[in-house]
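A short worksheet on the structure shown next.
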Amino acid sequence: MLNVANITKNQGGEPLFIKANFQINPGEKVGLVGPNGAGKSTLFRMIIGEDRPDEGQISMPERLRLAYFSQNVGEMQGRTALEEVVEGDASISEMKVKLRAFEEQLCDPELDPDEMNTILNRMGEVQTLFEKVGGYDLETRAEEILTGLGIHPEDHHKNVEDFSGGWKMRIALAKVLVINPDLIIMDEPTNYLDMETILWLEDWLQNFKGAVFMTTHDRGFMNNVVKKIVDISNKRVTTYSGDYDFYIKERNIRFDQLKSEHKRQQDMLQKEEDFIAKFKARASHAAQVQSRIKKLEKIERVVLPPEEESISFDFPVPPRGSDDVVVIKDLAKSWISSEGVENKIFEGLTKTINRLQKIAVVGVNGAGKSTLLKCICNETQPTSGEIKLGPSINVGYFSQFSLEVLKPNSTVLEEIQSSLSQASDGYLRNLLAAFLFRGDDVHKKIKYLSGGEKSRLVLAVIFSKGNNLLVLDEPTNHLDIASREILMTALKAYEGTVIFVSHDRHFLHELTDQVLEVDKGGVTLFPGNYQYYLDKK
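Reminder that position 59 of the sequence shown reads as 58 in numbering that gives the first Met the number 0, one-by-one numbering, no gaps.
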């Protein structure tokens, strides 16, 4: 269906990938992985026709229906959410116009029988295609998809201008899903989605009859949707027939095999070179020496890709603090709307959080998870009840607003030096390296960093300040899979208490020992790990 044959793409004079080959068959679900800058977005742009390979070709059937979702949602205005989804596909709108025109022509009493047959034949062709793409039940499906993506039915007729950026992203995603394409290309579809919506989208994609080619930083989502991985790394494109976990294992096996093959070849080459060096001056061995030189020239060398550098860092052990880290008594929080109506976020929460616990706070978007974390950190006051931190408890608080206090014109190293002024230069560089700032990365200015890089920088500081309570509001946002693994490893080893919000199931499964669910004005404690919570739901 989609065939990528021997493509090479250069950027800035350097190859992104060389002679890449892979194909996507009808109905296949495929994940695209690779480090930042490897060329994933460039590959997507070439498939949708916004860019071209320098060599090779990308081919697909002429009538293939291709849909593309990216983080750039474009302009949305002048329509309701439902209208934006229903009328968003130009080809379906064109078919509707054609069918109406055919109907009007057929109503002409003076229509010639031959012309009528011609119109009926053309109308039949359009109707067949219109039915294939789901044109007749388009509005019903649009409503179902919008609701599944978390936009309530009463908001379907709200103007798109009234939605925030994150909700517009959901509308853009609905536009892609509703048109029933043969192939969907998706760039980070789970960004800005809560857990309930991620699960809905996962189920939708599993049941979707067409093909999917996607990137995502959500390891659990990738595992549950895709059955094939295309990996771009070290200027090569490699295909693995399995989910993401299989890819990790198989990649490591292949790398170990390559190292063994490389060592065998190096041993053989050394023996040949030793023979040449020993006998090249002897006339009696001239023929043998020349033969071996020619043999070496013909051998294709086994090249090892650079290994992913693993840097261990011993974070400072925080002060012990009290056993009762946070004591919450009959806590309630509500907001008064502009109309004077009281909106209860939660009420009646009584809970003692003990030392070394790792507690996940879960719930749908808008349930009050962030508000609860703000109450714990004294960033907002409860309506009633109280929260007390235990003696000698120091809080490290991370939220998306933490990124906004970074100084745009400072470098990464300068920013961390200002936060950890007593630390040595060597300590700071090792700390930054542990959070993937290596080499010249430490001299990049904050204003040029991505959201993920800013998050890593703030988290590096929080981990090193001797805080014995970490309150983390969506720390995995903007982080790629490798960065999430680093954060998870650091939190597992952390000798303090953690209260966090995340929509990453792999992260939740690996880290959580208790769950607090915020839902419909109440807070429920589940005294077990994330799987226990799912089983009890």
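Here a beta-carbon is modelled for each residue, glycine too, at the ideal position from N, C-alpha and C. Please read all numbers here as calculations on a predicted model, not as lab measurements.
Pairwise C-alpha distance: residue j and residue i
i	j	result
I375	I386	7 Å
N222	D424	40 Å
I118	V96	14 Å
T410	N528	39 Å
D113	M94	23 Å
G367	M75	28 Å
T511	G219	15 Å
F552	D161	Residue 552 is absent from the structure shown; the chain starts at 0 and stops at 536.
P25	V225	13 Å
L469	G389	14 Å
R62	L137	20 Å
D186	E299	37 Å
R291	E272	9 Å
V132	I197	24 Å
M115	E201	47 Å
A19	F462	41 Å
V325	E143	42 Å
F499	V229	32 Å
H261	L295	15 Å
Y416	K328	Before going further, note that residue 416 is Gln rather than Tyr in the sequence given. If I take the Cα positions, the gap works out to 39 Å.
N179	T214	20 Å
V363	Q104	51 Å
S538	N393	Given a span of 0 to 536 for the chain in the structure shown, any question on residue 538 remains unanswerable.
Secondary structure of residue i, DSSP reduced to three states
i	result
I231	strand
T379	coil
M185	strand
F101	helix
N528	coil
D107	coil
N408	coil
I386	strand
E516	strand
F43	helix
D266	helix
G537	Outside the displayed span of the chain (0 to 536) sits residue 537, for which this structure offers no information.
D439	helix
D472	strand
I327	strand
Nearest neighbour of residue i, chosen from the options [CA to CA]
i	options	result
N429	P474, F314, K174	F314
L435	L469, K406, E484	E484
K536	V361, L372, T379	V361
D472	S398, M75, I352, L419	S398
G147	I184, I170, A331, E452	I170
D541	R78, G33, I17, K28	What is shown of the chain runs 0 to 536, which leaves residue 541 out entirely.
R319	A459, E494, S69	E494
F212	M168, N5, L65, E509	L65
T189	S321, N233, W203, L182	W203
V517	E378, E413, M194, P152	M194
Q256	K443, Q513, V302	V302
E413	E403, D440, N393	D440
R235	P14, N467, A286, N466	P14
Where residue i falls, given that 16 or more other Cβ within 10 Å makes a residue buried
i	result
P304	exposed
Q205	exposed
S58	exposed
K8	buried
R263	exposed
G450	exposed
I252	exposed
S401	buried
S482	buried
K208	exposed
T127	exposed
N5	exposed
Range covered by the alpha helix (DSSP H) that runs through residue i
i	result
G30	That residue, G30, is in no alpha helix (DSSP H); its beta strand (DSSP E) goes 28-32.
F16	That residue, F16, is in no alpha helix (DSSP H); its beta strand (DSSP E) goes 13-23.
L198	194-206
D113	112-131
I461	450-462
F506	504-510
Residue range of the unbroken beta strand (DSSP E) whose run includes residue i
i	result
Y67	65-68
S58	54-58
Q10	1-10
M213	210-214
E341	341-353
Y396	394-397
A359	357-361
F162	Unbroken run through F162: none, as it is neither H nor E.
I498	496-500
Neighbour flag for residue i against chain D, beta carbons, 9 Å
i	result
G134	You won't find chain D in this structure, because it holds only one protein chain.
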